[in-house]
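Going down the list, the sequences are from chains A and B.
Counting in this note's numbering, the first sequence runs from 29 upward without gaps.
Counting in this note's numbering, the second sequence runs from 243 upward without gaps.
Even glycine gets a Cβ: it sits at the ideal position worked out from N, Cα and C.
Worksheet for the structure shown next.
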Amino acid sequence: DGGITQSPKYLFRKEGQNVTLSCEQNLNHDAMYWYRQDPGQGLRLIYYSQIVNDFQKGDIAEGYSVSREKKESFPLTVTSAQKNPTAFYLCASKSLLKISEAFFGQGTRLTVV
Amino acid sequence: AQSVTQPDIHITVSEGASLELRCNYSYGATPYLFWYVQSPGQGLQLLLKYFSGDTLVQGIKGFEAEFKRSQSSFNLRKPSVHWSDAAEYFCAVGEGAGSGNTGKLIFGQGTTLQVKP
């Protein structure tokens with residue numbers, strides 16, 4: 029089945045550690061996105077990519093990094109510079125060739141321990 | 243600036259009652275509008291979307307929404323709520339297709355729906 033897969037579902041990070049969240053899609057979508065969700069704040073855009081080997085900062089990119097080496101994959105690294113990383117992270121993808129909706133993965137809950 | 247406002251953070255309705263969730267947007271160009279639903283700990287599922295044409299759009303699970311350009315609103319409605327509708331609902335506005343289109347979505351803060359037996 030076509031869709032977006034995020035892994036792991038739960039992730040625990042120690043202080044000072046970098047961690048990487050995986051996002052893979054087999055929908056042949058050009059664009060991929062990372063959103064952060066905190067209670068009462070909706071979804072905020074971290075990074076997005078419209079094409080392989082290119083990506084742009086969203087509204088809250090500080091402390092995060094991404095790569096887009098393959099069309100199917102858009103991993104997000106939460107670095108030690110992110111001071112408050114505990115949140116729910118959602119990956120999405122979308123076709124840019126037509127007006128359409130974004131499709132979301134099931135999310136990764138990151139907790140600092 | 244582009245923005246989406248969902249005035250109601252939390253709504254409680256009785257099972258079988260009607261439901262309306264409000265959404266107001268601020269967007270300079272033609273808006274493409276979406277409603278998504280999220281169950282706890284899950285991703286977002288599309289309920290319905292408006293791109294053009296008929297301003298009353300039908301979605302899944304018996305939901306509908308009406309686009310009112312004069313009021314900059316896209317309110318979500320359901321005639322009779324079921325207990326399984328309890329979830330968080332997000333309104334979003336997005337860019338369309340074409341050159342320079344990033345496909346980014348701007349989300350409202352979300353409305354949590356509680357359903358009483």
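Asked, Found
"CA-CA distance, residue 133(A) and residue 350(B)?", "19 Å"
"Assuming the contact rule is C-beta atoms closer than 8 Å, residue 329(B) and residue 281(B) should be a hit. Round their C-beta distance to whole Å, please.", "5 Å"
"Determine which residues of the region 120–131 of chain A have a Cβ less than 7 Å from any Cβ of chain B, and write them out in chain order.", "122, 124, 125, 126, 127, 129 and 130"
"Would you check if the distance between the CB atom of residue 131(A) and the CB atom of residue 32(A) is smaller than 9 Å?", "yes"
"Taking Cβ to Cβ, would you say residue 105(A) is nearer than 9 Å to residue 41(A)?", "no"
"At least one CB of chain A closer than 9 Å to the CB of residue 344(B): is that the case?", "yes"
"Taking Cβ positions, are residue 289(B) and residue 318(B) nearer each other than 9 Å?", "yes"
"Rounded to a whole number of angstroms, what is the C-alpha to C-alpha distance between residue 333(B) and residue 353(B)?", "9 Å"
"Just curious, the beta strand (DSSP E) that residue 46(A) is in, first and last residue?", "Looking at the DSSP string, residue 46(A) is not in any beta strand (DSSP E), and its letter there is neither H nor E."
"I need the boundaries of the beta strand (DSSP E) containing residue 309(B), first residue and last residue.", "306–310"
"Can you give the beta carbon distance from residue 59(A) to residue 285(B), rounded, assuming they're within the 8 Å contact cut?", "Actually they are not in contact, since the Cβ atoms of residue 59(A) and residue 285(B) sit about 17 Å apart, beyond 8 Å."
"Compute the beta-carbon to beta-carbon distance between residue 299(B) and residue 325(B), rounded to the nearest angstrom, for a pair I have assumed lies under 8 Å.", "That belief does not hold up - the Cβ atoms of residue 299(B) and residue 325(B) are roughly 25 Å apart, past 8 Å."
"Are the CB atoms of residue 38(A) and residue 137(A) within a distance shorter than 9 Å?", "yes"
"Output needed for residue 96(A): all residues of its chain with C-beta closer than 8 Å, excluding positions within five of it in sequence on either side, in chain order.", "60, 77, 79, 80, 81, 82, 83 and 102"
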